[in-house]
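Residue numbers (the working numbering), protein chains in the order written: chain S, 0 to 129; chain D, 0 to 129; chain P, 0 to 129.
No residue lacks a Cβ here, since even glycine has one placed at the ideal position from N, Cα and C.
Please read all numbers here as calculations on a predicted model, not as lab measurements.
Here the structure is laid out as structure tokens; the discussion comes afterwards.
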Amino acid sequence: MRPISPASLAPGRGYSNGLLAPPGRMLFVAGQVAWDADARIVSDDFATQFAKALENVVAVVREAGGEPKDVGQLTIYVKDKQSYLGAVAAVGAAYRAHMGKHFPAMALVEVKDLLDPGAQVEIQATAVIP
Amino acid sequence: MRPISPASLAPGRGYSNGLLAPPGRMLFVAGQVAWDADARIVSDDFATQFAKALENVVAVVREAGGEPKDVGQLTIYVKDKQSYLGAVAAVGAAYRAHMGKHFPAMALVEVKDLLDPGAQVEIQATAVIP
Amino acid sequence: MRPISPASLAPGRGYSNGLLAPPGRMLFVAGQVAWDADARIVSDDFATQFAKALENVVAVVREAGGEPKDVGQLTIYVKDKQSYLGAVAAVGAAYRAHMGKHFPAMALVEVKDLLDPGAQVEIQATAVIP
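Here you go:
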């Protein structure tokens with residue numbers, strides 16, 4: 000994928016303003032929370048939840064024959080923005096552990112609630128598998 | 000579309016963890032609420048609203064030459080999570096009536112409000128039309 | 000792109016119920032707020048913020064070799080629905096200035112908060128570049 004960053008925009012730090020995909024098949028990834036294989040939230044720590052949710056996204060991408068670099072868009076829903084801001088360094092480290100230096104187009108919004116009562120973050124993704 | 004479910008994830012119940020689309024044309028569907036053809040909300044019952052919003056999504060897909068099985072992603076915005084949880088059996092029945100056994104990648108989040116004052120649920124969709 | 004509007008749905012006013020894209024490359028655009036090139040929010044006026052956020056979306060599309068007509072989907076997150084409703088005429092004018100008469104599939108939801116403390120609106124987009 001090719002990062003797109005017009006001169007008129009602040010360069011994305013930790014995300015791409017735009018990401019242009021080569022031709023491929025669309026992969027839609029359900030909103031992932033920090034579930035283990037038994038649908039249990041693994042921790043009540045925000046950064047740990049973020050890491051596990053992102054690991055689950057990447058697991059779906061790999062199962063489809065793709066790699067982290069094929070992810071074009073991440074939409075991150077959080078229950079409490081302060082939890083994210085307070086954990087931003089650990090979140091960044093978790094991000095790099097699972098996604099390396101590939102930065103999709105992202106949006107992060109604070110919602111009123113997530114479906115799973117223990118989830119603090121949910122990550123929805125779209126990828127294009129070459 | 001091919002469901003993607005890595006062994007490390009709990010299998011999706013009523014959704015797919017991932018859905019890989021064959022080549023095709025992208026169809027973007029606007030967030031649909033329970034509007035009739037005159038832009039009136041048809042009911043204040045959550046499950047009835049869910050059914051009508053989903054019917055509207057499917058109407059767009061069919062008008063574009065597609066079928067429910069071509070829907071890759073649903074993002075479901077609700078105003079009150081409890082309304083959804085309290086109606087989950089009726090919602091499931093409405094789902095199957097319109098979508099059969101095809102389960103897109105989904106995310107459901109509770110937002111602060113929707114644009115239409117009477118809407119309790121809005122469903123945004125992306126499909127790939129073969 | 001071809002607007003899709005089944006007879007059973009109210010015609011979209013200022014959006015398309017569905018938009019069917021010709022074959023092309025996917026462009027994912029990060030959630031854009033009213034940042035200038037130095038990552039500063041340009042104004043605390045809602046319509047001005049909307050205009051700048053949309054200008055940023057269009058800048059990414061053009062940098063990728065596309066045009067406003069290639070935008071298939073807009074997801075608009077607002078912090079306060081009343082700010083949007085109170086500025087709807089100015090928002091419409093800003094919309095036409097940047098997007099002309101092309102109307103993507105849209106969803107607008109009120110969220111609890113956006114990441115940038117000064118942002119009142121964030122616009123996420125997906126385009127298909129021919």
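- Taking the beta carbon of T125 of chain D as reference, the chain S residues within 9 Å of it are M25, F27 and T125, listed in sequence order.
- Sequence-ordered contacts of the region 4-24 of chain S with chain P read S4, P5, A6, S7, L8, A9, G11, Y14, S15, N16, G17, L18, L19, A20, P21 and P22 [C-beta pairs closer than 8 Å].
- For V41 of chain S, no Cβ of chain D is located within less than 8 Å of the residue's own Cβ.
- Under a 10 Å Cβ-count criterion, P10 of chain D is classified as exposed, with fewer than 16 other Cβ atoms of the shown protein chains found around its own Cβ.
- Counted as a single uninterrupted DSSP element, the stretch harbouring E66 of chain S is not any beta strand (DSSP E), since DSSP gives it neither H nor E.
- Taking 7 Å as the upper bound on Cβ-Cβ separation, chain D lies near residues P103, A104, M105, A106, L107, V108, E109 and V110 of the region 90-110 of chain P.
- L113 of chain D carries a strand assignment under DSSP once its states are collapsed to helix, strand and coil.
- Using a Cβ-Cβ cut-off of 8 Å, D69 of chain P does not count as an interface residue toward chain S, since no Cβ of chain S sits closer than that to its own.
- Membership of V120 of chain P in the beta strand (DSSP E) is indicated by the continuous run V120 to I128.
- Closer than 8 Å at the C-beta level to chain P, one finds these residues of the region 71-86 of chain D: T74 and Y76.
- Residues of chain S with a Cβ closer than 9 Å to the Cβ of L53 of chain P do not exist, since the nearest Cβ in that chain sits about 13 Å away.
- The CB of A118 of chain D never comes closer than 8 Å to any CB in chain P; the least such distance is about 10 Å.
- D112 of chain D and A52 of chain P have their alpha carbons spaced roughly 21 Å apart.
- Taking the C-beta atoms as reference points, A104 of chain D is found no nearer than 8 Å to V56 of chain D.
- Across the set P:E66, P:W34, P:G30 and P:L8, the C-alpha of P:E66 shows the shortest separation from the C-alpha of G23 of chain P.
- For M105 of chain P, the beta-bridge partners assigned by DSSP are P:L73.
- DSSP places M25 of chain S in the uninterrupted beta strand (DSSP E) bounded by R24 to Q31.
- Taking one beta carbon from each stretch, the region 40-48 of chain D and the region 86-95 of chain D have 3 or more pairs nearer than 8 Å; the two touch.
- The residue among S:Y14, S:D35 and S:G64 with its C-alpha nearest the C-alpha of F102 of chain S is S:Y14.
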